[in-house]
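Here you go:
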């Protein structure tokens with residue numbers, strides 16, 4: 139419950155503006171219990187970030203590793219999933235990692251490497267998804283293109299999530315997706331994916347269902 | 139001095155995590171003097187945002203209204219200017235408007251419309267710049283393309299600024315710029331601009347020089 143409330147607060151308010159008392163008030167948990175579990179606000183923040191990343195990675199893998207779907211369609215399905223989730227929350231929730239990025243110079247040093255490692259993990263996942271379109275025959279240039287497209291996706295995506303939160307509409311997400319997909323398809327030499335709501339991915343026993351704690355934008 | 143210190147603090151810390159005492163400590167100004175000038179922290183914040191927007195718009199106009207330069211080159215020159223400014227500050231400063239966007243649901247209601255109006259003003263400026271390439275002969279489809287490209291620019295740009303701050307490198311700005319310029323050039327049917335540092339724009343008496351208070355990313 140503490141972690142859930144903490145992720146909610148940090149996703150909406152950020153780390154600097156959230157104090158331990160906010161978390162205690164939101165959960166009704168005593169200060170003694172809090173400090174029994176966590177040595178400090180920094181320690182608590184690290185646990186929240188790691189929990190968020192774990193849940194988010196599971197969701198990302200679920201869409202991006204769908205074997206019978208073309209790579210860009212997998213990515214588009216992920217986008218639709220997040221879009222629906224943001225809409226469900228009235229576009230009041232952003233991305234915890236992006237939010238914390240905005241206050242990066244205010245955060246404990248221990249968070250910096252953690253946040254970058256998480257974002258690089260997301261890039262690696264999209265990169266692997268795009269590379270899957272070449273089986274194992276991608277040239278060095280194609281590998282470079284996939285890596286750049288993966289990185290470009292997350293750069294633009296965070297901007298789109300931010301703008302959708304500011305305007306409380308899905309239109310920035312949609313505009314970004316349309317432009318990105320067209321450019322990625324051209325760069326990869328494939329057709330742009332159809333803009334359809336995602337089919338529910340098959341969940342194999344080896345792959346977890348999206349964790350219920352992933353409530354934020356992505 | 140108060141406004142300058144306030145913009146610096148808000149650009150690095152955001153609004154929620156900055157208190158009036160931070161501003162007073164940074165400037166040595168007394169609480170009495172502060173409340174003589176501003177009725178509240180909200181009032182102070184509004185003045186900062188408006189001051190930032192005014193300075194930033196002047197800088198944007200300086201690059202985007204350069205008559206002897208092709209539209210995408212004007213935009214690229216602006217990008218180079220901001221990149222140099224961010225580099226000067228070690229990529230520790232972001233965009234005040236983007237920063238505040240991340241904490242949008244924590245801000246006073248009066249800020250919401252203000253921030254959106256500013257971002258729409260930036261979009262209008264880029265749109266007008268892109269339309270200049272068609273003189274006055276743009277078709278309805280071309281007008282729509284320019285408007286979408288202008289909006290897409292700011293969506294991706296805020297994401298790139300965020301990422302450059304997180305990584306303290308210009309590489310995210312460069313990657314975004316390369317992809318965006320290639321796509322925009324194709325959509326407009328022109329050659330991508332050369333990637334060169336900006337020439338200093340000519341400053342006509344009618345157009346102000348970039349205000350010294352614009353220190354943040356954009």
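Protein chains in written order, with our numbering: chain A, 139 to 356; chain B, 139 to 356.
Every residue gets a Cβ at the ideal spot worked out from N, C-alpha and C, and that includes glycine.
Nothing here was measured: the structure is a model prediction, and the numbers come from that model.
- For residue 172(A), the CB contacts under 8 Å within the same chain, skipping 5 residues up- and downstream, are 140, 158, 161, 162, 182 in chain order.
- Of all residues in the stretch 208-232 of chain A, those with a C-beta nearer than 7 Å to a C-beta of chain B are 230, 232, reading in chain order.
- For the stretch 247-265 of chain A, the set of residues with a beta-carbon nearer than 7 Å to any beta-carbon of chain B comprises 253, 254, in chain order.
- Between the C-alpha atoms of residue 315(B) and residue 177(A) there is a straight-line separation of about 43 Å.
- Assignment of residue 245(A) by DSSP, reduced to helix, strand and coil, places it in the coil class.
- Just so you know, the alpha carbons of residue 246(B) and residue 180(B) end up roughly 7 Å apart.
- Chain B has no Cβ within less than 9 Å of the Cβ of residue 144(A).
- Residue burial annotation: residue 251(A) is exposed, with fewer than 16 other C-beta atoms found within 10 angstroms of its C-beta.
- Spanning the alpha carbons of residue 175(B) and residue 229(A) requires a straight line of approximately 36 Å.
- Counting only residues of its own chain and dropping the five nearest sequence neighbours on each side, residue 154(B) has a CB closer than 8 Å to the CB of 241, 244, 245.
- One thing to note: residue 317(B) has its Cβ within 9 Å of the Cβ of residue 286(A).
- Here DSSP, grouped into helix, strand and coil, assigns residue 233(A) to coil.
- An exposed status is given to residue 275(B), since fewer than 16 other beta-carbon atoms sit within 10 Å of its beta-carbon.
- Contact with chain B is found for residue 310(A), since one of that chain's Cβ atoms lies less than 9 Å from the residue's Cβ.
- By the C-beta criterion, the stretch 188-203 of chain B is judged not to be in contact with the stretch 320-333 of chain A, since fewer than 3 inter-stretch pairs fall below 8 Å.
- Taken residue by residue, none of the stretch 173-189 of chain B has a beta-carbon sitting less than 7 Å from a beta-carbon on chain A.
- For residue 158(A), the enclosing alpha helix (DSSP H) starts and ends at 158-165.
- Legend: CB atoms of the stretch 289-320 of chain A lying less than 8 Å from CB atoms of chain B belong to residues 289, 290, 292, 293, 294, 295, 296, 297, 298, 300, 301, 303, 304, 305, 310, 313, 314, 317, 320.
- Under the three-state reduction of DSSP, residue 153(B) is assigned to coil, being neither helix nor strand.
- If you draw a straight line from the Cα of residue 194(A) to the Cα of residue 271(B), it comes to about 43 Å.
- Boundaries of the alpha helix (DSSP H) around residue 294(A): 278-305.
- Counting only Cβ-Cβ distances below 8 Å, residue 154(A) has contacts in chain B at 151, 152, 154, 155, in chain order.
- Secondary structure at residue 275(B): coil, using DSSP grouped into helix, strand and coil.
- The stretch 215-234 of chain B makes no contact with the stretch 208-217 of chain A; the number of CB pairs closer than 8 Å stays below 3.
- The Cβ atoms of residue 190(B) and residue 254(B) do not sit closer than 9 Å to each other.
- Sequence-distant partners of residue 149(B) (beyond 5 residues in either direction) whose C-beta falls short of 7 Å from its own C-beta, in its chain, are 231, 232, 234, 237, 354.
- Here residue 197(A) is not near residue 312(A), since their CB atoms are 9 Å or more apart.
- Chain A places no beta carbon closer than 9 Å to that of residue 280(B), leaving this residue out of the contacts.
- Judged by DSSP in its simplified three-state form, residue 207(B) adopts coil rather than helix or strand.
- Interface with chain A (9 Å Cβ-Cβ cutoff): residue 239(B) is included.
- Contact of residue 139(B) with chain A is not assigned, every C-beta pair being separated by 9 Å or more.
- Counting C-beta atoms within 10 angstroms of its own C-beta, residue 302(A) has 16 or more neighbours from the protein chains shown and is therefore classed as buried.
- In the DSSP assignment, residue 178(B) falls outside any alpha helix (DSSP H) and carries neither an H nor an E.
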